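In terms of my numbering, the sequence shown has 61 at position 49, counting the first letter as 1, and numbering is strictly consecutive.
The beta carbon of each residue, even a glycine, is placed where N, CA and C say it ideally should be.
Please read these numbers as outputs of a predicted model, since none were measured by experiment.
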Amino acid sequence: MAEKRDYYEVLGLKKGASEDEIKKAFRKKAMQYHPDKNPGDKAAEDKFKEVNEAYGILADADKKDKYDRFGFAGVDPSAGFGSQGQGFNRGQSQGGYQYQSYGNFNGADFDMFKEFSGSDFQDIFGSMFGGGSFGGAQRANAPRKGQDLQTSITVSFEEAAFGTKKQLRINGKTIAVTIPEGVDHGSKISLKGQGQPGINGGANGDLIIEVHVRPHNKFTRKGADLYTDVPITFIQAALGTNIIVPTLKEKVSYTVPAGTQPNTMFRLKGKGLKALKNKKQGDLYVKVLVEIPKHLTPEQTNLLKQFEQTLQ
């Protein structure tokens, strides 16, 4: 017969562990070795019994104190560890939940189960066994959400800026999709309940749509702000001028001040996009590109030389 292991060692703890540490360690070990998770594994079943026994002692303040001082000799075998204890039979109920036993558990098992209320016990095993019963048939019939579906949709720059409505064909079904104003490339739209059907009455999955935005030939964007370039002559840059700036909605006039340097950037407030999340209106940033003439007549060349001399 195998030698009984130290109860702290069984739960992976050091002597003097706190109540919370003991409970946390028990939950971890109980889920690891529970027979429903290890069907037919006799070694796991023995480990599960051993974990129950250790917890039954260490979770009881009086028994823990005696065990800490005197070891196994300090724990009364007839009170907690005799062979008479039977544990719970399959289907017995305690606190509104059903429990099962695998073989004859000792009396420590009963102490372990009494420690938890129904909700505590469900917290430990709920995610693994699907609720208050360990029965495999009940778990198999539990409602489950259907799988999510993923697809993509491509829209124009303007459609992304101002929003639009599209239709998608998914699994032989036509689905209407609203593209919100200000959506960006790579944004995802979730349509609740448009995925795969649920199982055993569970909710349908969702449809996740990734939006692809086609680039624009004049504008680029960073968040809700737009960026564009406007060419002017070097005479206009030197003397100043009024220029027409395109936006996504209209054309607006802007006065370029005299002496504007190449690549100067100015801002048209509120002429960008509406932000997707906070609906704040972005700005339009315009970079001035000063064009230098490539071909000059002799007369133009002479005039420029005369102008250069006046600058010296």
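- The way I'd put it, the stretch 277 to 288 does touch the stretch 232 to 245; three or more beta-carbon pairs between them come closer than 8 Å.
- In this chain, the beta strand (DSSP E) harbouring P258 covers T253 to P258.
- By the neighbour-count criterion, in which 16 or more other beta carbons inside 10 Å mark a residue as buried, G52 falls on the exposed side.
- The Cβ neighbour count for H46, taken over all protein chains shown within 10 Å, is at least 16; the residue is labelled buried.
- When L180, G198, I211 and E222 are compared, the shortest CA-CA separation from N153 is found for I211.
- Going by C-alpha positions, I247 is about 29 Å away from G282.
- In this chain, the alpha helix (DSSP H) harbouring D74 covers A73 to F82.
- Checking the DSSP bridge columns, you'll see R181 partnered with T186.
- Scanning its chain for C-beta atoms nearer than 6 Å, with the 5 sequence neighbours on each side dropped, one finds around L260 the residues A173, in chain order.
- Residue P274 holds the alpha-carbon nearest to the alpha-carbon of V298 among I34, K40 and P274.
- Within the stretch 187 to 222, the beta strand (DSSP E) runs of at least 3 residues that lie entirely inside it are, in chain order, 200 to 203.
- F278 has V298 as its beta-bridge partners, per DSSP.
- In terms of Cβ geometry, L25 and E33 form a close pair [threshold 8 Å].
- Its chain contains G207 and L219 as the residues whose beta carbon lies nearer than 6 Å to that of L161, once the 5 sequence neighbours on both sides are disregarded; these appear in chain order.
- Residue F278 holds the alpha-carbon nearest to the alpha-carbon of D295 among F278, E303, H307 and L308.
- By the beta-carbon neighbour count (other beta carbons within 10 angstroms, threshold 16), I69 is buried.
- Short of 6 Å from the beta carbon of E62, and not among the five residues preceding or following it, lie these beta carbons of its own chain, in chain order: V22.
- Beta-carbon to beta-carbon, S199 and V223 are separated by about 5 Å, close enough to satisfy the 8 Å threshold.
- The alpha-carbon separation between K75 and N50 amounts to approximately 30 Å.
- Bounds of the alpha helix (DSSP H) holding Q318 are P310 to L323.
- By the neighbour-count definition (other C-beta atoms within 10 Å, threshold 16), G194 is a buried residue.
- DSSP lists K299 as the beta-bridge partner residues of D241.
- When the alpha-carbon of K157 is set against those of V300, N216 and K40, the nearest one is in N216.
- Using a Cβ distance threshold of 8 Å, T245 and E303 count as a contacting pair.
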